[in-house]
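Sequential numbering of the sequence shown, starting at 5, is according to my numbering. The structure under discussion appears below in the form of structure tokens.
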Amino acid sequence: MALQAAALVPSTFSVPKEGKSGASFKDSSLFGVSLSDHIKADFTSSASRCKREFNHRIGAVRAQTTATATPAITRSTVDGKKTLRKGSVIITGASSGLGLATAKALAETGKWHVIMACRDFLKAERAAKSAGMSKENYTIMHLDLASLDSVRQFVDSYKRSGRPLDVLVCNAAVYQPTAKEPTFTAEGFELSVGTNHLGHFLLSRLLLDDLKQSDYPSKRLIIVGSITGNTNTLAGNVPPKANLGDLRGLAGGLNGLNSSAMIDGGDFDGAKAYKDSKVCNMLTMQEFHRRFHEETGITFASLYPGCIATTGLFREHIPLFRLLFPPFQKYITKGFVSEEEAGKRLAQVVSDPSLTKSGVYWSWNKDSASFENQLSQEASDQDKARKIWELSEKLVGLA
Ligand SMILES: NC(=O)c1ccc[n+]([C@@H]2O[C@H](COP(=O)([O-])OP(=O)(O)OC[C@H]3O[C@@H](n4cnc5c(N)ncnc54)[C@H](OP(=O)(O)O)[C@@H]3O)[C@@H](O)[C@H]2O)c1
Numbered sequence: 005m006a007l008q009a010a011a012l013v014p015s016t017f018s019v020p021k022e023g024k025s026g027a028s029f030k031d032s033s034l035f036g037v038s039l040s041d042h043i044k045a046d047f048t049s050s051a052s053r054c055k056r057e058f059n060h061r062i063g064a065v066r067a068q069t070t071a072t073a074t075p076a077i078t079r080s081t082v083d084g085k086k087t088l089r090k091g092s093v094i095i096t097g098a099s100s101g102l103g104l105a106t107a108k109a110l111a112e113t114g115k116w117h118v119i120m121a122c123r124d125f126l127k128a129e130r131a132a133k134s135a136g137m138s139k140e141n142y143t144i145m146h147l148d149l150a151s152l153d154s155v156r157q158f159v160d161s162y163k164r165s166g167r168p169l170d171v172l173v174c175n176a177a178v179y180q181p182t183a184k185e186p187t188f189t190a191e192g193f194e195l196s197v198g199t200n201h202l203g204h205f206l207l208s209r210l211l212l213d214d215l216k217q218s219d220y221p222s223k224r225l226i227i228v229g230s231i232t233g234n235t236n237t238l239a240g241n242v243p244p245k246a247n248l249g250d251l252r253g254l255a256g257g258l259n260g261l262n263s264s265a266m267i268d269g270g271d272f273d274g275a276k277a278y279k280d281s282k283v284c285n286m287l288t289m290q291e292f293h294r295r296f297h298e299e300t301g302i303t304f305a306s307l308y309p310g311c312i313a314t315t316g317l318f319r320e321h322i323p324l325f326r327l328l329f330p331p332f333q334k335y336i337t338k339g340f341v342s343e344e345e346a347g348k349r350l351a352q353v354v355s356d357p358s359l360t361k362s363g364v365y366w367s368w369n370k371d372s373a374s375f376e377n378q379l380s381q382e383a384s385d386q387d388k389a390r391k392i393w394e395l396s397e398k399l400v401g402l403a
């Protein structure tokens with residue numbers, strides 16, 4: 005009942021960083037093309053790439069993976085001028101909620117090809133259809149973040165597709181507020197941290213080179229955060245609070261056997277595990293920024309999209325909570341954000357030319373204006389970020 009309690013309290017303590025006009029903004033929610041040179045490539049090369057891509061998909065790729073798209077590159081046929089190609093963006097967990105709304109918002113601009121990286125192929129296909137997304141604007145690929153093998157297979161399939169990667173959005177998450185006992189990923193990590201943090205950590209690391217190679221004007225890696233992991237907010241202060249402690253559980257592998265299933269080594273608490281995983285997401289974004297921004301030019305960002313009280317994130321909550329939460333957010337706290345609005349916000353972080361600053365945690369005020377928000381002490385602890393990076397590398401087999 006922890007996040008539920010957090011959900012009932014407005015988070016009025018978020019303070020934007022200095023230097024922004026929104027110095028008095030309060031987060032009233034509750035939770036928390038270079039002009040592409042390679043377009044010069046002749047049509048033959050573009051066509052053969054499509055053919056290669058098609059062959060890969062028909063053959064090697066797992067059954068759940070499919071291609072629904074035409075090539076991502078557009079060319080000017082008028083006067084030979086370079087034109088902007090479509091951006092390629094991978095969004096994890098695009099089968100519902102924020103991920104789906106973002107996929108829709110980007111796809112309908114006609115400027116983006118969205119790779120919906122989802123664990124349930126059919127659900128994703130139905131979701132894309134019911135959102136009215138047109139087939140040439142998206143591709144669904146199978147990805148189960150609770151299995152590192154699946155992450156590696158996804159990355160292999162993506163690389164073999166020959167499609168460029170311009171933006172990666174780590175959005176998928178599980179939240180188990182009522183779980184009495186921990187459940188585990190394929191490799192035996194507690195499910196929330198294993199999926200939300202470790203799965204995304206491996207995915208981002210393996211796709212970093214592809215992002216580096218992108219010739220898109222602004223390449224970005226976005227990891228969705230949450231207010232609930234930030235104890236500098238009222239919502240983030242409702243027990244159980246996020247707290248990674250000295251990381252002894254993470255160091256032990258989060259397996260509940262020879263180590264605790266919790267990062268801090270404490271007793272299992274599903275709501276806290278989710279909040280802890282969100283702290284890891286926000287720290288990982290900053291560590292990426294410190295290690296790679298200058299060298300690669302990639303923009304690393306995180307965000308709190310607002311309280312999207314209607315999404316599947318709350319599916320494991322008690323029915324009464326699910327019934328009361330959306331109207332409570334809408335009419336009492338006024339912290340409610342629709343899936344559509346939240347999708348536009350994340351789409352902004354993906355594509356808005358004014359949001360290229362790296363290392364930033366974005367939030368929106370009640371007029372839906374973006375501002376750089378401040379992270380809690382723990383969620384901006386550089387030493388912890390480095391340690392989590394190093395421990396995570398070991399756990400996912402990168403070190
Ligand atoms: N809702 C909010 O108020 C809120 C507030 C702050 C931050 N957020 C963040 O927003 C993001 C999206 O959440 P949401 O509210 O949109 O929830 P959601 O509707 O439940 O979406 C979560 C997505 O993650 C996918 N997913 C779960 N486990 C996965 C796995 N093992 N492999 C691949 N995909 C998996 C789900 O797939 P299935 O469809 O197959 O289940 C679903 O598509 C999360 O990072 C969450 O922390 C949400």
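All residues carry an ideal CB built from backbone N, CA and C; glycine is no exception.
Original post:
Closer than 7 Å: is that where the CB of L327 sits relative to any heavy atom of ligand 1?
Top reply: L327: no, Cβ never under 7 Å from ligand 1.
Subject >> Three-way DSSP call (helix, strand, coil) for T235 in this model >> reply: Of the three classes helix, strand and coil, the one that applies to T235 here is coil, per DSSP.
Original post:
How would you label K348, buried or exposed, when you count the other beta carbons within 10 angstroms and need 16 or more for buried?
Top reply: That one is buried.
**OP:** Could you spell out the range, first to last residue, of the alpha helix (DSSP H) harbouring Y278?
**Re:** Y278 -> alpha helix (DSSP H) spans G274 to T300.
Original post:
Enumerated in chain order, which unbroken segments of the beta strand (DSSP E) with a length of 3 residues or greater are wholly contained in the segment 158-185?
Top reply: Counting only runs of 3+ residues, the beta strand (DSSP E) found wholly inside the segment 158-185 occupies 171-174, in chain order.
Original post:
Quick one: does the C-beta of T96 sit closer than 7 Å to a heavy atom of ligand 1?
Top reply: Result yes, Cβ under 7 Å from ligand 1.
Original post:
Hey, would you say the C-beta of G103 is under 7 Å away from at least one heavy atom of ligand 1?
Top reply: Yes; taking the cut-off as 7 Å, the Cβ of G103 has a heavy atom of ligand 1 nearer than that.
Original post:
Taking 7 Å as the cut-off, is the CB of K338 close to at least one heavy atom of ligand 1?
Top reply: Checking the Cβ of K338 against ligand 1 gives no.
Original post:
Taking Cβ to Cβ, would you say K169 is nearer than 8 Å to S92?
Top reply: Correcting the residue identity first, residue 169 is Leu in this sequence and not Lys. A contact, by the Cβ cut-off of 8 Å.
**OP:** Sort N234, N369 and P309 by Cα distance to V354 and report the nearest one.
**Re:** Closest by alpha carbon: P309.
Original post:
Does the beta-carbon distance from A176 to G103 come in below 8 Å?
Top reply: Less than 8 Å divides the Cβ of A176 from the Cβ of G103.
**OP:** Buried or exposed for R123, please, with buried defined as at least 16 other CB atoms from any protein chain shown within 10 angstroms of its CB.
**Re:** A residue is called buried once 16 or more other Cβ atoms fall within 10 Å of its Cβ, and R123 is buried on that count.
**OP:** Would you tell me roughly how many angstroms separate the C-alpha atoms of Y335 and T235, rounded to the nearest one?
**Re:** Cα to Cα, Y335 sits roughly 25 Å from T235.
Original post:
Can N377 be considered in contact with ligand 1, in the sense that its beta carbon sits closer than 7 Å to one or more heavy atoms?
Top reply: The answer is no for N377.
Subject >> Per DSSP, cross-strand counterpart(s) of F188 >> reply: Looking at the DSSP assignment, F188 forms a beta bridge with E194.
Original post:
When every heavy atom of ligand 1 is checked, does at least one fall within less than 7 Å of the C-beta of I267?
Top reply: Relative to ligand 1, the beta carbon of I267 is positioned no closer than 7 Å to any heavy atom.
Subject >> Status (buried if at least 16 other CB within 10 Å, exposed otherwise) for S380 >> reply: A residue is called buried once 16 or more other Cβ atoms fall within 10 Å of its Cβ, and S380 is buried on that count.
**OP:** Could you tell me if T185 is buried or exposed, where buried requires 16 or more neighbouring beta carbons within 10 angstroms of its beta carbon?
**Re:** The residue asked about is misnamed: residue 185 is Glu in this sequence, not Thr. Label assigned to E185: exposed.
**OP:** Along the beta strand (DSSP E) that carries F205, what are the first and last residues, could you check?
**Re:** Element bounds for F205: not the beta strand (DSSP E) but the alpha helix (DSSP H), H204 to Q217.
Subject >> Own chain partners of K127 with C-beta closer than 7 Å, once the 5 adjacent residues on each side are dropped >> reply: Around K127: S99.
**OP:** Inspect the beta-carbon positions of K223 and A246 and report whether they are closer than 8 Å.
**Re:** Their beta carbons are not under 8 Å apart, which means K223 does not touch A246 by this criterion.
Original post:
Is the closest heavy atom of ligand 1 to the C-beta of R123 under 7 Å?
Top reply: Indeed, a heavy atom of ligand 1 lies less than 7 Å from the Cβ.
Subject >> Reduced DSSP category for R224 - H, G, I as helix; E, B as strand; rest coil >> reply: In this structure, R224 counts as strand in the three-state DSSP scheme.
Original post:
Can you give the Cα-Cα distance for S208 and V171, rounded to whole angstroms?
Top reply: One C-alpha to the other measures close to 11 Å.
Original post:
Exposed or buried, L261, counting other C-beta atoms within 10 Å across all chains shown (16 or more means buried)?
Top reply: Its Cβ having fewer than 16 others within 10 Å, L261 is exposed.
Original post:
For the putative contact between K163 and D214, defined by C-beta atoms under 8 Å, what is the C-beta separation to the nearest angstrom?
Top reply: Contact between K163 and D214 holds: CB atoms are separated by about 7 Å, below the 8 Å threshold.
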